[in-house]
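Peer 1:
Protein chains: 2
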Amino acid sequence: MKVIVTGGAGFLGQLLIRALCERGRLSRTDGGQYEIQQIVSIDQAQAGPLFVDERVSYVVGDIANPTFLSHVLGRDTDSVFHLAAVVSGGAEADFDLGMRVNLDGTRALLEICRAQTARPRVVFASSVAVFGAPLPDVVSDDTAPRPQTSYGTQKLIGECLLNDYARKGFLDGRALRLPTIVVRPGKANAAASGFASAIIREPLAGCEVTIPVPRETAMWVSSPQSAVAAFIHAHELPEAAWGSYRALNLPGLTVTMAQALEALREVGGEAAAARVRFAPDDGIMRIVRTWPTRFETPRADAMGFPRDADLVGIVRAYARQYAPAVGR
Amino acid sequence: MKVIVTGGAGFLGQLLIRALCERGRLSRTDGGQYEIQQIVSIDQAQAGPLFVDERVSYVVGDIANPTFLSHVLGRDTDSVFHLAAVVSGGAEADFDLGMRVNLDGTRALLEICRAQTARPRVVFASSVAVFGAPLPDVVSDDTAPRPQTSYGTQKLIGECLLNDYARKGFLDGRALRLPTIVVRPGKANAAASGFASAIIREPLAGCEVTIPVPRETAMWVSSPQSAVAAFIHAHELPEAAWGSYRALNLPGLTVTMAQALEALREVGGEAAAARVRFAPDDGIMRIVRTWPTRFETPRADAMGFPRDADLVGIVRAYARQYAPAVGR
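Just so you know, the protein sequences line up as chains A and B, in that order.
Following my numbering, the numbering of the first sequence begins with 1499 at its first residue and continues without gaps.
Following my numbering, the numbering of the second sequence begins with 1499 at its first residue and continues without gaps.
#1: Should B/C1705 go down as buried or exposed, given a rule of 16 or more other Cβ atoms within 10 Å for buried?
#2: As a quick exercise: from A/F1549, A/V1550, A/R1784, A/V1538, pick the residue whose alpha carbon is nearest that of A/V1558.
#3: Among the candidates B/Q1614, B/P1822, B/Q1544, whose CA atom is the shortest distance from the CA of B/V1765?
#4: Does the structure place the stretch 1704-1718 of chain B close enough to the stretch 1639-1657 of chain B that three or more beta carbon pairs sit under 8 Å?
#5: What is the DSSP secondary structure of A/M1717, counted as helix, strand or coil?
#6: Less than 8 Å between C-beta atoms, sequence neighbours within five positions excluded: which residues of the same chain meet that for B/F1450?
#7: For a test of the three-state rule: what should DSSP assign to A/R1751, helix, strand or coil?
#8: How about B/Y1816: is its C-beta nearer than 7 Å to some C-beta of chain A?
#9: Sorted by chain position, which residues of the same chain lie with C-beta nearer than 8 Å to A/G1596's C-beta, five sequence neighbours on each side aside?
#10: Under 7 Å between C-beta atoms, does A/C1705 make it to chain B?
#11: Can you find the residues in the same chain that come closer than 8 Å, C-beta to C-beta, to A/Q1544, ignoring five residues on each side of it along the sequence?
#12: Can you tell which of A/F1793, A/L1759, A/S1742 has its C-alpha closest to the C-alpha of B/A1631?
#13: Taking 7 Å as the CB-CB cut-off, is B/T1651 touching chain A?
#14: Looking at the C-beta of B/A1642, does it have a partner C-beta in chain A at a distance below 7 Å?
#15: Going by CA-CA distance only, name the one from B/A1664, B/V1578, B/G1505, B/F1566 that's closest to B/L1524.
#16: Ordered along the chain, which non-local residues of its own chain (more than five positions away) have a Cβ less than 6 Å from that of A/A1582?
#17: My output table needs one value for B/Y1743: the three-state DSSP class, helix, strand or coil.
#18: What does DSSP give as the partner residues of A/Y1649 in its beta bridges?
#19: Where does B/Q1819 sit, in a helix, a strand or coil, going by DSSP?
#20: Would you call the stretch 1709-1727 of chain A in contact with the stretch 1746-1753 of chain A, where contact means no fewer than 3 C-beta pairs closer than 8 Å?
#21: Taking B/H1733 as the reference, give the member of B/A1777, B/L1669, B/E1760 with the closest Cα.
#22: If you count every other CB in all the chains shown that lies within 10 Å of the CB of A/V1850, and 16 or more means buried, which is it?
#23: Considering only C-alpha positions, which residue in the set A/V1636, A/P1710, A/R1672 is nearest to A/A1738?
#24: Exposed or buried, what is B/H1569 when buried is set at 16 or more other beta-carbons lying within 10 Å of its beta-carbon?
#25: Does A/D1662 get closer than 7 Å to chain B when you measure Cβ to Cβ?
#26: Any C-beta of chain B within less than 7 Å: which residues of the stretch 1663-1675 of chain A qualify?
#27: Excluding the 5 residues preceding and the 5 following A/F1693 in the sequence, name in chain order all residues of the same chain whose CB lies nearer than 6 Å to its CB.
#28: Taking Cβ-Cβ distances shorter than 9 Å, what residues in chain A pair up with B/Q1542?
#29: Beta-carbon within less than 8 Å of A/A1770's beta-carbon, same chain only, minus the 5 sequence neighbours each way: which residues are those?
#30: Apply the 10 Å Cβ neighbour rule to B/E1657 and answer buried if 16 or more other Cβ atoms are within range, or exposed otherwise.
#31: Which term fits B/R1619, buried or exposed, when burial requires 16 or more other beta carbons within 10 angstroms of its beta carbon?
#32: Over the uninterrupted beta strand (DSSP E) stretch that includes A/F1776, give me the two end residues.
#33: Could you tell me the alpha carbon to alpha carbon distance between B/A1798 and A/G1802, rounded to whole angstroms?
#34: Using a threshold of 7 Å, state whether the C-beta atoms of B/A1613 and B/R1744 are closer than that.
#35: Hey, out of B/D1639, B/T1615, B/L1601, B/Y1820, whose CA is closest to B/F1622's CA?
#36: Could you check whether the Cβ of A/C1611 sits closer than 7 Å to any Cβ belonging to chain B?
So this is what it looks like as C-alpha cells:
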C-alpha cells in the first residue's frame, strides 16, 4: 500500500515515518493488514538529515497547490497522515499564510483523497488549540470548541471538513486533537507553545532559556512517542470505533512550568535548572491563556489510546536520545 | 450608510429589506445611529415581484465570485446581512455546489469585508443544523456543534471564519443560529425542513400535502418576523455584548407535527386539517433525525432577542397575510 505523510520532514513526521517503516504494515477498510510498499513525505522544505529507507521518498512542494498534490497522491493512495501546518504563532503572525496552508491545503488534500480509487484512511493532526476561553475547568469529550487563535480556527475547520468528507463516504477520516508535544528537539519553531519544550531542551544543551510565561502556567502535554503511537492507533482502529464524529481529544498530562523545572532538575541537575529564567511576554500570554490545560478523555481511553506516565519519564527519554552526556 | 443583503431576493431577505427601509437607520461601531442611504441585494436570481424603494437596488450574480462581490461592496460598505445559502437538502444533494456557495461564498464575502474602509458589521444567518446527533435532550449555549449534514458543516465553518475575522479586527461579526422558519410562503425550496411550513401553507391554500416525517417529529421553529427582528437586533447590539464568541443560538419554539396539525385545525378549520397526510420518507428522516429539537437559550434571552409566543399566533399571522379568505 501507498502512504502519504504531509509534514513528513518535520520532527513528528520523521518519527512517524520511522515508526511506519518499523511496523511495515497497516490495515485497510476490509480489516486486513497490508504491507507498506511506499511512503511519500510531502513538505515545504527539508533541512538536515532525513530518515532513509528504500520505501520512503521525500517530495518538496506547496500543499495548497492542488495540481502538485494530485501528482503526488495519484489515484493509488491508501492512507494519508496529514501533519503539515503553519503553527500557532506563525498563523497568528501571518493570517493569510495560515489560511492558505492550514485551510486551503487541508481542503485540497481532502478533495484529492476523494478522487482516490480506494477510499483512503486519513489521519489528521488537529490540536487542543480548537478550544479557547471561556472554558470549563476540565475539558470533556463534549466541550464545545471555540478557538481563540487563527491556528485553532483553521484546525477546527479541517476537522469539520474531514468529518463531512467521511460522512459522505469520500474517505475514512480520523482527527486527533494533539496536546502540546514535549520535548521537541532542535531549533524552536514558530509555535506559541515552543517554551514548553525549550524549558527542557535548552538547559540540557547547556544553554540559558527565558520562558515567556509565569511558573504557574499549565499546559496539556504529550510525548512525541505517544503522539506517534496515537497516529498509528487512530489509523488502525476500525471505522465503527469512531462513530458519527471523527475528532477526538487525546490523552495527555497537565504540567505547570514549575513542574517542568522540577523534572529538568531531577534529570539534568541543579546546573540545568539554574539556566531557566521566567520573563512573561504579553503577546505569547494572550495566546497561551486561551488554551485548555485539564482534560478528561474517557472516549480516547475507551478506544485504547496511549497515555504518558509522567513528565520525568518524558524528560528522561528525551535526554537519553538528545543529551546523552546528561547525568553521566 | 450602505447596507448589503445577500440572499436579498429570497423570502427572509425581502422581509429584512422591507424592515430596514421602515426603520431607516442602523447603528455603527461608534454607537451612533446613521441613516440608511443604500441597500444592495445580492442574489443568484430574482423571480416574481420584489419590494421596491428608492434606496434599494437588486444585483444578480454569483456570491462565490470575488471579483463580482468586490465590485458590489466597493470600499464603502458599512453593514452586511449574509443570508444567501444553498439550503440543507440542496447542499446534501450537490456537495460541490454547497461548498462553493456556502463556504467559498462566505469566505469571499468576509475577505472583501476585511478590505472595507470602515470595519463593517456582518450579521450571518447560521442555523441550528450546526448541531447533530448525538445530542443532549436539551441543547444549551455550551453544547458542542457536531453537524451531520453538509449544510450544517458549511454553516459551522462560516461561523468559525466570522469569529476569527472578528477576533482579528477585520470586521465586527455576529452569527445567529436560526431555528427552522415557519411559515414560509410560496413554493417549497430544497430545504429538508420544508415540510414544517408546507403542513400549514398547503392546506390553507386548499391543497393536499404529504408530510415526509411522523406526527411526533419535533422541530425547533421561529416565525419569519422574529427572525428578521433578530437580524436587526443582532446588528444593533454593541460589540461588547457579544464577548469572545460570535455565534448564538436563537430563541424558538419546540413544535411537533401533531401540534402543527392542531394549530392548522384551529386557524383553518377541519377542512384544512383533513388535507394533511403523513408518509415518512427515509431520505428526509435521515437528515431531520440529526437536528436538535429542544433548546435553552439564556444567552440570547439575556441579550434581548425576541421569542414567539406560540405556534397558533404564528399560523394566524401567516393566514392574515397569505390566506385572507381563511376563517372568514
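Each residue gets a CB set at the ideal place from its N, CA and C atoms; glycine is no exception.
Peer 2: Result, derived from the coordinates:
#1: Your numbering for residue 1705 of chain B matches position 207 in the second sequence. Around the C-beta of B/C1705, fewer than 16 other C-beta atoms lie within 10 Å, and the residue is accordingly described as exposed.
#2: By one-based count along the first sequence, residue 1558 of chain A stands at place 60. Each of A/F1549, A/V1550, A/R1784, A/V1538 was checked against the Cα of A/V1558, and the nearest Cα belongs to A/V1538.
#3: Along the second sequence, one-based indexing puts residue 1765 of chain B at 267. Restricting attention to B/Q1614, B/P1822, B/Q1544, the CA atom closest to the CA of B/V1765 is found in B/P1822.
#4: Under the three-pair Cβ rule at 8 Å, the stretch 1639-1657 of chain B does not count as touching the stretch 1704-1718 of chain B.
#5: If you number the first sequence from 1, residue 1717 of chain A lands on position 219. Reduced to three states, the DSSP call for A/M1717 is strand.
#6: Because chain B here runs from 1499 to 1826, residue 1450 of chain B falls outside it and cannot be looked at.
#7: Taking the first residue of the first sequence as position 1, residue 1751 of chain A is located at position 253. According to the sequence shown, residue 1751 of chain A is Leu rather than Arg. A/L1751 falls in the strand class under three-state DSSP.
#8: Counting from 1 along the second sequence, the entry for residue 1816 of chain B is found at position 318. No, no contact with chain A.
#9: Position 98 of the first sequence holds residue 1596 of chain A. If the five residues before and after A/G1596 are omitted, its C-beta is found closer than 8 Å to the C-beta atoms of V1584, G1588, A1589, E1590, S1648, Y1649, Q1652, all from its own chain and listed in chain order.
#10: Residue 1705 of chain A sits at position 207 when you count from the first residue of the first sequence. So, not an interface residue.
#11: Here residue 1544 of chain A corresponds to residue number 46 of the first sequence, with the count starting at 1. Setting aside the 5 residues that flank it on each side, A/Q1544 is surrounded in the same chain by A1507, Y1556, V1558, each with a C-beta closer than 8 Å to its C-beta; the list follows chain order.
#12: Here residue 1631 of chain B refers to the residue found at position 133 when the second sequence is read from its first residue. When each option's Cα is compared against that of B/A1631, the closest is A/S1742.
#13: Here the question's residue 1651 of chain B lines up with position 153 in the second sequence. Yes, B/T1651 lies at the interface with chain A (some Cβ there is under 7 Å from its Cβ).
#14: One-based indexing of the second sequence puts residue 1642 of chain B at position 144. Interface residue (Cβ-Cβ distance to chain A less than 7 Å): B/A1642 is classified as such.
#15: Walking along the second sequence from the start, residue 1524 of chain B turns up at place 26. Ranking B/A1664, B/V1578, B/G1505, B/F1566 by Cα distance to B/L1524 puts B/V1578 first.
#16: In the first sequence, residue 1582 of chain A corresponds to position 84, counting from 1. Counting only Cβ-Cβ distances below 6 Å, and skipping sequence neighbours, we find T1504, G1505, I1561.
#17: As a working note, residue 1743 of chain B is residue 245 in the second sequence. Correct three-state label for B/Y1743: coil.
#18: For the purposes of this step, residue 1649 of chain A is identified with residue 151 of the first sequence, where counting begins at 1. In DSSP, A/Y1649 forms no bridge with anything.
#19: The residue labelled residue 1819 of chain B in the question sits at position 321 within the second sequence. In this structure, B/Q1819 counts as helix in the three-state DSSP scheme.
#20: Taking 8 Å as the limit for Cβ pairs, the verdict is that the stretch 1746-1753 of chain A does touch the stretch 1709-1727 of chain A.
#21: On the second sequence, residue 1733 of chain B is found 235 positions in, with the first residue counted as 1. Ranking the options by Cα distance to B/H1733, first place goes to B/L1669.
#22: Lying outside 1499 to 1826, the shown extent of chain A, residue 1850 of chain A is not represented and no answer is given.
#23: Position 240 of the first sequence, counted from the start, is the residue given in the question as residue 1738 of chain A. It is A/R1672 whose Cα lies nearest to the Cα of A/A1738.
#24: Position 71 of the second sequence, counted from the start, is the residue given in the question as residue 1569 of chain B. Within a 10 Å sphere around the beta-carbon of B/H1569 sit fewer than 16 other beta-carbons, which makes this residue exposed.
#25: Stepping through the first sequence from its first residue, residue 1662 of chain A is reached at position 164. Output row for A/D1662: interface = yes.
#26: R1665, K1666: these are the residues of the stretch 1663-1675 of chain A whose beta carbon lies less than 7 Å from some beta carbon of chain B, given in chain order.
#27: Working through the first sequence from its first residue, we reach residue 1693 of chain A at position 195. Result list for A/F1693: I1709, P1710, in chain order.
#28: For the purposes of this step, residue 1542 of chain B is taken as residue 44 along the second sequence, with counting starting at 1. Against chain A, a Cβ distance below 9 Å from B/Q1542 picks out nothing, because the smallest value is about 23 Å.
#29: Position 272 of the first sequence, counted from the first residue, corresponds to residue 1770 of chain A. P1701, L1702, L1762, R1763, V1824, listed in sequence order.
#30: Indexing the second sequence from 1 puts residue 1657 of chain B at position 159. Taking every protein chain shown into account, the CB of B/E1657 has 16 or more other CB atoms within 10 angstroms, so this residue is buried.
#31: As a working note, residue 1619 of chain B is residue 121 in the second sequence. Counting of Cβ neighbours within 10 angstroms places B/R1619 among the buried residues, the total reaching 16 or more.
#32: If you number the first sequence from 1, residue 1776 of chain A lands on position 278. Unbroken beta strand (DSSP E) run through A/F1776: 1774-1776.
#33: As a working note, residue 1798 of chain B is residue 300 in the second sequence. As a working note, residue 1802 of chain A is residue 304 in the first sequence. Approximately 40 Å, taken between the alpha carbons.
#34: Your numbering for residue 1613 of chain B matches position 115 in the second sequence. Your numbering for residue 1744 of chain B matches position 246 in the second sequence. No, the pair does not count as a contact, with Cβ atoms beyond the cut-off.
#35: The count along the second sequence starts at 1 and reaches residue 1622 of chain B at position 124. Cα-wise, what sits closest to B/F1622 is B/L1601.
#36: Translated into the one-based positions of the first sequence, residue 1611 of chain A becomes position 113. For A/C1611, the answer is no, since every Cβ of chain B falls outside 7 Å of its Cβ.
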